[in-house]
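If you're matching positions, the sequence shown starts at 0 in numbering that gives the first Met the number 0 and goes up one per residue.
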Amino acid sequence: MTEEIKAKIQSSLVNGQLPCTMAHVIAYELDVQPLQVGQTANQMEVAVSLCQLGCFGYGPKAEGKSKILRPMAKKDEKLMDRLRSTAVEGKIPCLKLWQIAAEFGLERLAVSNTAETLGSKIGPCQLGCF
């Protein structure tokens, strides 16, 4: 299975990196956990990019451009309450944010931006990136 994952990763690279979305597509297509895809990419020394929650992979980290998370100006109190109730020691798992986005019918980035507004940290990542 690892060779099949490696082949899929190799064929899915964009500018030498594996977009988060593609990593999840690979996991789905091969019926493996996203973490297995992320670990395989790491073994191949392939960086994951374009995190669907905006946490990393959007530009040079040294220039402060790697993430696109931004606190929300408009506050959804119901969503904020849901995130507060989910956080454990100020952290919310990536998978939980995906589930909450689906529950509220929102884009994943909107939910992670709301978590950012609350000062919550995101993690662990489903792909094992953080």
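The C-beta atom is built at its ideal place from N, Cα and C for all residues, glycine as well.
Local conformation of residue i per DSSP, three classes
i, result
"ILE121", "strand"
"GLN32", "coil"
"LEU78", "helix"
"ALA72", "coil"
Cβ-based neighbour list, residue i, same chain, cut-off 7 angstroms, excluding 5 preceding and 5 following
i, result
"ILE91", "LEU82, THR85, ALA114, SER119, ILE121"
"LEU117", "MET79, LEU82, ARG83"
"LEU38", "Sequence inspection shows Gln at residue 38; the Leu mentioned does not correspond to that position. Result list for GLN38: GLY127, in chain order."
"ALA22", "PRO33, VAL36, GLY37, ALA40, VAL47, LEU126"
Own chain partners of residue i with C-beta closer than 8 angstroms, once the 5 adjacent residues on each side are dropped
i, result
"SER65", "PHE55, GLY56, TYR57, GLY58, PRO59"
"SER111", "LEU52, GLY53, CYS54, LEU68, LEU96, ILE121"
"ILE4", "ILE25, LEU29, VAL31, GLN35, VAL36, THR39"
Sequence-distant residues of the same chain with beta carbon closer than 6 angstroms to residue i, five excluded per side
i, result
"PRO70", "GLU115, THR116"
"ILE25", "LYS7, VAL36"
"ALA100", "ARG107, VAL110"
Which residue spans inside the stretch 83–111 form an unbroken alpha helix (DSSP H) run of at least 4?
93–103
List, from N- to C-terminal side, the alpha helix (DSSP H) runs of 4 residues or more that fit wholly inside the stretch 2–61.
19–29, 33–42
Kindly confirm or deny that the stretch 75–83 and the stretch 36–52 touch, where touching means at least three C-beta pairs closer than 8 angstroms.
no
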